[in-house]
Amino acid sequence: MSGGVVPLKDEGSPSQVAIAGAVAGLVSRFVIAPLDVIKIRLQLQVHSLSDPLSVRGITGPVYKGTIGTLKKILRDEGITGLWKGNIPAEAMYLAYGSFQFSAYKYSCHLLDSLPPPYTLPSSAVSFISGAAAGACATTATYPLDLLRTRFAAQGRERVYTSIVHSIQNIAAHEGPGGFFRGLGAGVSQIVPYMGLFFTSYESLKPVMAHSVIPLPFGTSDAAAGVVASVLSKTAVYPLDTIRKRLQVQGPTRSKYVHGNIPEYRGVLSTLALIWAREGTRGLYRGLSVSLLKAAPASAVTMWTYEQVLAVMQATEDQPGDD
């Protein structure tokens, strides 16, 4: 790429954006898969070692902290336990990355083409486009997200023996709606998250590109991605916890590694129940590992996206053989 900083929304053709987004999603998922499993296990835990009354009669594991959860999963389930749900997650990230970047680019161009006096400032274009891209990608890939959560929630005793079995079981016992449990929380979370993320990223990228201070993660793309992700993730984290709790509802709820997951119905009622029974801490359970996951995930995603796009553009610009 040239010395100047080109906004993300102005880079690449639609096909290049889709390919770069898909590759970025795959690479990012592979890197952060173990942290994702740890986060989901913590989010589904409704009890804590600091509350002795809550652990009476509990037969499932009690996790405490990121390192403690990591050790317990390795001890009880082996190293493969850290990659549970990775197959549907890889498929989700592949599709999500492609949908996300394509929808973002399309939305940006659409909003930039608005005639005066309807022209929007750049920050508003980034926010609206990021929110729209996140909503579209989340809805399109949500069944895969739900499968990822359910497989990650399985302990040594399997609820589903394979991807095919899980699809058949959900379709037979929960119907089509079973694949979209918690979608309301997912969209409610992703709209502000992606809006804030892309707005922060577009704003931080040119600033960090000209920073005189050595940047973490090597490049302005990665550093901007990390900061934008941490800020956005913290703001909307309770909705992510609600989504995870809703995704494991249904006839198999008591069969996951946490056998005491309460029955929840709807985003607002789930929020109220978690607040009443577990307090603020319950809504933010697993936030530390989520931020630990979000930083490298966003850094790897944005860095990979920019690098793949640059390679494709460079290859396209090369003159053909005479």
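The sequence shown begins at 1 in UniProt numbering and counts up one residue at a time. Idealized CB from N, CA, C, for every residue including glycine.
Residue i - DSSP class collapsed to helix/strand/coil
i	result
Glu278	helix
His173	helix
Val191	helix
Gly78	coil
Pro117	coil
Ser107	helix
Ala162	The displayed chain sequence assigns Ser, not Ala, to residue 162. Correct three-state label for Ser162: coil.
Val5	Any reading at Val5 is ruled out, since the residue's pLDDT is 38, under 50, leaving its predicted position unreliable.
Val248	coil
Gln154	coil
Sequence-distant residues of the same chain with beta carbon closer than 6 Å to residue i, five excluded per side
i	result
Glu174	Gly250
Leu283	Pro238, Thr241, Ile274
Phe151	Lys84, Gly85
Glu278	none
Where residue i falls, given that 16 or more other Cβ within 10 Å makes a residue buried
i	result
Ala314	exposed
His47	buried
Tyr118	exposed
Thr280	exposed
Val207	exposed
His210	exposed
Pro88	buried
residue 325	Only positions 1 to 322 of the chain appear in this structure, which leaves residue 325 out of reach.
Leu35	buried
Residue i and residue j closer than 8 Å at C-beta
i	j	result
Ser200	Val227	yes
residue 374	Ser102	The structure shown does not extend to residue 374, since the chain is modelled only from 1 to 322, so the question has no answer here.
Asp240	Gln189	yes
Glu77	Gly155	yes
Ala95	Ala140	yes
Arg41	Val257	yes
Phe179	Phe127	no
Lys233	Leu291	yes
Gln100	Leu309	no
Gly182	Gln247	yes
Gly21	Ser98	yes
Leu82	Val37	yes
Thr270	Val159	no
Cβ-based neighbour list, residue i, same chain, cut-off 7 Å, excluding 5 preceding and 5 following
i	result
Lys205	Val5, Ser220, Asp221, Ala224
Thr138	Gly186, Val187, Ile190
Tyr63	Arg41, Leu42, Gln45, Thr69, Lys72
Contacts around residue i, its chain only, beta-carbon distance under 8 Å, and the 5 residues preceding and following it disregarded
i	result
Gln43	Asp240, Thr241, Lys244, Arg245, Arg285, Gly286
Val31	Pro296, Ala297, Val300
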